[in-house]
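The opening residue of the sequence shown carries number 85 in the working numbering; numbering runs sequentially from there.
Heads up, the beta-carbon is just placed ideally off N, CA and C, and yes, glycines get one too.
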Amino acid sequence: MTLLDGQARTGTVARINPVAKLAASGLVAIPLVFTLDWVSAAVALVLECLLIPFAGLRWGEFWRRTWPVWLAAPLTAVTIALYGEAGGRVYVEWLLVRVSDGSLELAAATLLRVLAVALPSVVLFITVDPTDLADGLAQIVRLPARFVLGALAGLRMIGLFVDDWRSLELARRARGVADRGRLRRFAGMAFALLVLSIRRGSKLATAMEARGFGAPGRRTWARTSTFGAREWVLVGIGAGIAGVAIVAAVLAGTWNFILGPS
Numbered sequence: 085m086t087l088l089d090g091q092a093r094t095g096t097v098a099r100i101n102p103v104a105k106l107a108a109s110g111l112v113a114i115p116l117v118f119t120l121d122w123v124s125a126a127v128a129l130v131l132e133c134l135l136i137p138f139a140g141l142r143w144g145e146f147w148r149r150t151w152p153v154w155l156a157a158p159l160t161a162v163t164i165a166l167y168g169e170a171g172g173r174v175y176v177e178w179l180l181v182r183v184s185d186g187s188l189e190l191a192a193a194t195l196l197r198v199l200a201v202a203l204p205s206v207v208l209f210i211t212v213d214p215t216d217l218a219d220g221l222a223q224i225v226r227l228p229a230r231f232v233l234g235a236l237a238g239l240r241m242i243g244l245f246v247d248d249w250r251s252l253e254l255a256r257r258a259r260g261v262a263d264r265g266r267l268r269r270f271a272g273m274a275f276a277l278l279v280l281s282i283r284r285g286s287k288l289a290t291a292m293e294a295r296g297f298g299a300p301g302r303r304t305w306a307r308t309s310t311f312g313a314r315e316w317v318l319v320g321i322g323a324g325i326a327g328v329a330i331v332a333a334v335l336a337g338t339w340n341f342i343l344g345p346s
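Set out below in structure tokens:
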């Protein structure tokens with residue numbers, strides 16, 4: 085099962101190695117994580133928005149995939165505006181709530197930063213197949229095969245959680261124990277799902293060991309993972325966005341390295 089089916093799987097971005105997507109999104113995110121200014125985040129977001137139409141996604145699909153980001157970013161900004169570090173003119177002050185020029189500026193920077201970090205990651209990884217990612221991590225990044233295969237097997241199991249939850253809910257209803265007590269029912273189902281997941285994981289680990297997935301020695305792979313010109317172009321685009329955002333923030337005088345001296 086892939087993370088995406090349909091037209092986007094046949095686009096140019098879909099054929100790029102997942103390792104390059106991971107590197108590009110990391111290059112964009114790292115500078116924004118280590119600074120709290122609105123200029124770098126805004127510049128990065130604008131450049132990303134200019135490139136998103138070339139990702140090969142339909143707009144309907146784009147909004148369906150990214151709506152959690154558009155919901156989480158304003159909520160995060162509101163929290164920072166109410167409880168962030170105060171500075172300058174204070175507009176509202178009540179108990180722990182203090183809205184000021186400083187907290188509003190931090191809220192705007194946080195809003196833009198969340199969008200600039202999350203949107204390219206979501207867009208790039210919509211078209212990633214877990215097996216392709218595992219192949220790239222093992223063959224290109226040279227991560228241990230045991231770790232990569234275990235992570236891939238666990239990722240494949242995530243899709244079963246929804247089915248398991250639905251089955252548990254139907255079973256409890258059939259037994260007449262799901263009519264009331266929502267919190268108690270949720271806790272009971274969560275514990276049952278945890279136990280079921282542990283049992284399935286143990287069986288999967290035993291099956292993989294029996295089939296030689298944990299054997300020592302150099303491992304062979306069914307598919308070759310390549311890293312060519314398209315991948316380097318994508319990595320260069322990520323580095324370029326990060327570089328332009330940093331330069332713009334430095335020139336504007338808003339660069340605020342959070343690990344620097346206070």
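Counting every other CB atom within 10 Å of its CB across the protein chains shown gives Ser-109 a total of 16 or more, marking it as buried.
Rounded to the nearest angstrom, the Cβ distance from Gly-322 to Ala-107 is 7 Å, consistent with a contact under 8 Å. By the neighbour-count criterion, in which a residue is buried when 16 or more other Cβ atoms sit within 10 angstroms of its Cβ, Gly-168 is buried. Across the set Trp-122, Gly-285, Arg-240 and Phe-231, the C-alpha of Trp-122 shows the shortest separation from the C-alpha of Ala-336. With respect to the 8 Å criterion, Gly-144 and Ala-98 are not classified as neighbours on the basis of their beta carbons. When beta bridges are read from the DSSP output, Val-225 appears opposite no residue.
Using a C-beta cut-off of 8 Å, the stretch 172-179 makes no contact with the stretch 117-131, since fewer than three inter-stretch Cβ pairs fall below that distance. In this structure, Leu-195 sits away from Ala-222, with a CB-CB distance that is not shorter than 8 Å. Glu-177 has Arg-182 as its beta-bridge partners, per DSSP. In the three-state reduction of the DSSP assignment, Phe-209 falls in the helix class. Residue pairing by DSSP puts Phe-341 in a beta bridge opposite Thr-119.
Ala-229 has its alpha-carbon roughly 34 Å from the corresponding atom of Phe-138.
The alpha-carbon separation between Leu-254 and Leu-288 amounts to approximately 25 Å. Proximity to Ala-306 across Leu-203, Arg-256, Thr-215 and Ser-281 peaks at Thr-215, based on C-alpha coordinates. The residue from Arg-259, Thr-150, Gly-238 and Leu-267 with its alpha-carbon nearest to that of Arg-283 is Gly-238. By alpha-carbon distance to Thr-163, the top candidate from Val-232, Val-153, Leu-190 and Arg-173 is Leu-190.
The three-state reading of DSSP puts Trp-305 in coil, since its state is none of H, G, I, E or B. Nearest C-alpha to Ala-200 among Ser-124, Pro-102, Thr-338 and Gly-312: Ser-124. Under the DSSP assignment, Arg-99 falls outside any alpha helix (DSSP H); it carries neither an H nor an E label. Judged by their CB atoms, Leu-111 and Ala-326 are nearer to each other than the 8 Å cut-off.
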